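Worksheet: one structure, shown below.
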Amino acid sequence: MNLRNQVESFLRDKIPLATAMGVRVVTLDPLAIEAPVALNSNHLGTAFGGSINAVATLAGYALLWLALHDDPSVRLVIAESSIRFLRPVRNTIRAVCGRPEESLTTLKSELAAHNRGRIRLRVRVEEGGAPAAEFEGLFVAIRSD
Numbered sequence: 551m552n553l554r555n556q557v558e559s560f561l562r563d564k565i566p567l568a569t570a571m572g573v574r575v576v577t578l579d580p581l582a583i584e585a586p587v588a589l590n591s592n593h594l595g596t597a598f599g600g601s602i603n604a605v606a607t608l609a610g611y612a613l614l615w616l617a618l619h620d621d622p623s624v625r626l627v628i629a630e631s632s633i634r635f636l637r638p639v640r641n642t643i644r645a646v647c648g649r650p651e652e653s654l655t656t657l658k659s660e661l662a663a664h665n666r667g668r669i670r671l672r673v674r675v676e677e678g679g680a681p682a683a684e685f686e687g688l689f690v691a692i693r694s695d
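Below, the structure written as structure tokens:
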């Protein structure tokens, strides 16, 4: 199984909501995931705001899982998040999270020194290449022995 499929399988197996939402991993660098509006719609026929937020959160989570999956003792959680909706999404929710190398290096150093680290990630949600939402999340990585 290739790495993209491993990330997608992890999300679907460990976070059942990802399966219900029809989430799929599209690319790894930058990390991009998509979910169809048909499974995530509101009463207006556009993407439900909670689904947009969930897809953005999953993109950040997936990027961190990819960066840290070689250490199975690391657990990831989100501590806080904010989202700004820019326009409705009508077809496909696409969340893109770039790989912030410097921040990931700091996170890994914090994990090595304290068994715990924090990282702030920004995720761009788009449809058809146009920005639809801006997400920022503070994720915490904890090494459990």
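Per the working numbering, the very first residue in the sequence shown carries number 551; after that it's consecutive.
Cβ atoms here follow ideal geometry from the backbone N, Cα and C, with glycine treated the same way.
Note that this is a predicted model, so its numbers are computed, not measured.
Along the beta strand (DSSP E) that carries P586, what are the first and last residues, could you check?
-> 581-586
In the DSSP assignment, what residue or residues form a beta bridge with A680?
-> E677
State buried or exposed for G667, treating a residue as buried only when at least 16 other CB atoms are found within 10 Å of its CB.
-> buried
If you count every other CB in all the chains shown that lies within 10 Å of the CB of V627, and 16 or more means buried, which is it?
-> exposed
Helix, strand or coil: which one does DSSP assign to S559?
-> helix
Where G687 falls, given that 16 or more other Cβ within 10 Å makes a residue buried | buried
Coarse secondary structure for S653, derived from DSSP in three states = helix
Answer yes or no: the CB of R625 versus the heavy atoms of the ligand ADP, is any distance below 7 Å?
-> With respect to the ligand ADP, the structure offers nothing, as it holds no ligand at all.
Which first and last residues belong to the alpha helix (DSSP H) in which A597 is found?
-> First-last for A597: undefined, no H or E at that position.
Starting from the C-beta of A612, find all residues in its chain whose C-beta is less than 7 Å away, skip the five residues before and the five after it, and write them out in chain order.
-> V557, L561, V575, L581, I583
Simplified DSSP state of L636, which is helix, strand or coil = coil
Cα-Cα, which of I602, A662, E652 is closest to V673?
-> I602
Check G667 in the structure and name its three-state DSSP category.
-> Note: G667 maps to strand in three-state DSSP.
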